[in-house]
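Chains as they are written, first to last, in numbering that gives the first Met the number 0: chain A, 0 to 135; chain B, 0 to 135.
There are 2 protein chains.
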Amino acid sequence: MLSKKTKYGLKALTYLAAQKDKQPVQISEIAKAENISQKFLESILLSLRKSGFLGSKKGKGGGYYLIKDPKEVLMTDVMRILEGPIAMVPCVSLNFYEKCADCPDEATCSVNKLMLMVRDANLEVYRNNTLADLIA
Amino acid sequence: MLSKKTKYGLKALTYLAAQKDKQPVQISEIAKAENISQKFLESILLSLRKSGFLGSKKGKGGGYYLIKDPKEVLMTDVMRILEGPIAMVPCVSLNFYEKCADCPDEATCSVNKLMLMVRDANLEVYRNNTLADLIA
DNA sequence: AATTACCCTATCAATCTAATAGAGTAAACA
DNA sequence: TGTTTACTCTATTAGATTGATAGGGTAATT
């Protein structure tokens, strides 16, 4: 299951990407428009800022804004920040690799074999889609 | 993340598929060979039996055995039983469709759009792989 | 200087997962 | 026929995670 964090994060990103000007948008505005718990959204936007997707401005007229061009924001990066590893098992993860404690041999492991194919299929989708593609 | 249930279930299925004869294999043998908690494996095999993948035989010399030819066992069916919906959000699920409560319009929803592509990519993998493919 | 809106910490109920325990039941075999 | 074997079922549990909420703190505009 996709977590609400990722769901909300994606919605917020596309909301910001759809803005005509680059003016900051208040959290409250996004939360209201997308039916998201404002406090929860705060923490999500914060992590998106810390990972370099968003900028923020404090004080009156402040809010969050997209740093890069939506065309430059790859879904691989977004998903890894919001949802975590793209792979369904650590033993096939590119960025979060870990050996399975119980599995004696990856080369002959059926789970490894299947999940490797699944990972590649997912990567293919995430690599070929940017934030801009989700709006059009 | 792939649940342990699915992981163990897949391992058990491939273990049974790799058997030369069609003789029943005891739970304890599979559990030992694949490093799985026996009691947990019991419940998994039970659900695989109830959903038509496995047959069982009680008493001495009993155990579980594969009902169909491994070539006929599609990963789509296995995954749906073990892991649940293939889609990451209910609003793009073929077999478990549900409208998102918070989303006003699927047609313009960015999450829907992305997850639809992800679902199709995953389906492609699961449809093109059978239990037999995981052994070879 | 006051307001606005981001920033951070802590807490919480609900849910899910993985594992375990223990008793029950059906089938095989001597 | 009776005992053994191994599947079947119910219940319980600790632990982790999720999603949400509360409340105060801080920095930057006006």
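Where is the CB? At the ideal position from N, CA and C, for every residue including glycine.
Does DSSP put A:V24 in a helix, a strand or coil? strand
Beta-carbon proximity list for B:N94, same chain, < 7 Å, skipping 5 on both sides: In its chain, beyond the 5 residues on either side, R79 and P84 have a beta carbon closer than 7 Å to the beta carbon of B:N94.
So B:D104 contacts chain A; which residues on that side make the cut at Cβ distance below 8 Å? In chain A, no part has a C-beta under 8 Å from the C-beta of B:D104; the shortest such distance is about 12 Å.
Between the segment 56-73 of chain B and the segment 85-104 of chain B, are three or more C-beta pairs nearer than 8 Å? no
Taking 6 Å as the limit between beta carbons, can you name the residues of its chain near A:S55, skipping five residues before and five after? Answer for A:S55: R48 and Y63, listed in chain order.
Looking at the C-beta of B:S109, does it have a partner C-beta in chain A at a distance below 8 Å? yes
Report yes if the CB atom of A:K70 is closer than 8 Å to the CB atom of A:T129, and no otherwise. yes
Using a Cβ-Cβ cut-off of 8 Å (strictly less than) and excluding sequence neighbours within five positions of A:K67, which residues of its own chain qualify? F52
In chain A, what lies closer than 9 Å to B:N34 by C-beta? A100, D101, C102 and P103
Roughly how many angstroms lie between the CA atoms of A:S36 and B:S50, to the nearest whole one? 39 Å
Would you tell me roughly how many angstroms separate the C-alpha atoms of B:A30 and B:E105, rounded to the nearest one? Between the alpha carbons of B:A30 and B:E105 lies a gap of roughly 44 Å.
Among B:Q22, B:S27 and B:D76, which one has its Cα closest to the Cα of B:R126? B:D76
The alpha helix (DSSP H) that contains A:Y96, what's its start and end? Premise fails: A:Y96 is in no alpha helix (DSSP H) and is neither H nor E.
Quick one: is A:T13 near chain B, going by C-beta distance under 8 Å? yes
Here's a check: name, in chain order, each residue in its chain whose Cβ is nearer than 8 Å to the Cβ of A:L73, leaving out the five neighbours to either side. Excluding positions up to five away in sequence, the list reads Y125, R126, N128 and T129.
Cβ atoms of B:S92 and A:L133: under 8 Å apart, would you say? no
Can you list the residues of chain B that A:A137 reaches, using a CB-CB cut of under 7 Å? The requested residue 137 of chain A is not part of the displayed model; chain A covers only 0 to 135.
Are there 16 or more other CB atoms within 10 angstroms of the CB of B:T107, so buried, or fewer, so exposed? Residue environment for B:T107: exposed (fewer than 16 other C-beta atoms within 10 angstroms of its C-beta).
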